[in-house]
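Going by this note's numbering, the first residue of the sequence shown is number 64, and it counts up by one from there. For every residue, glycine included, the Cβ atom is placed at its ideal position computed from N, Cα and C.
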Amino acid sequence: MTHYLYKITVWISRLAILNLLWLGFSLLGLIVFGFFPAT
64 MTHYLYKITV
74 WISRLAILNL
84 LWLGFSLLGL
94 IVFGFFPAT
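See below:
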C-alpha cells in the first residue's frame, strides 16, 4: 500500500515540476518575444 502511494506522489510531484517549468518558459517567451520586437 505504501509503495503504491509513493508511486502516486512521485508522479504528482513530477507533473507539478513539469507544469511549473512550462509556466516559467511560457512567461519567459512572452517577455522575450513581446519586449524585443517593440524596441
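Rounded C-alpha distance that separates residue i from residue j
| i | j | result |
| --- | --- | --- |
| residue 95 | residue 64 | 47 Å |
| residue 90 | residue 77 | 20 Å |
| residue 67 | residue 79 | 19 Å |
| residue 93 | residue 83 | 15 Å |
| residue 85 | residue 73 | 18 Å |
| residue 98 | residue 69 | 43 Å |
| residue 87 | residue 81 | 10 Å |
Terminal residues of the alpha helix (DSSP H) in which residue i lies
| i | result |
| --- | --- |
| residue 88 | 65-98 |
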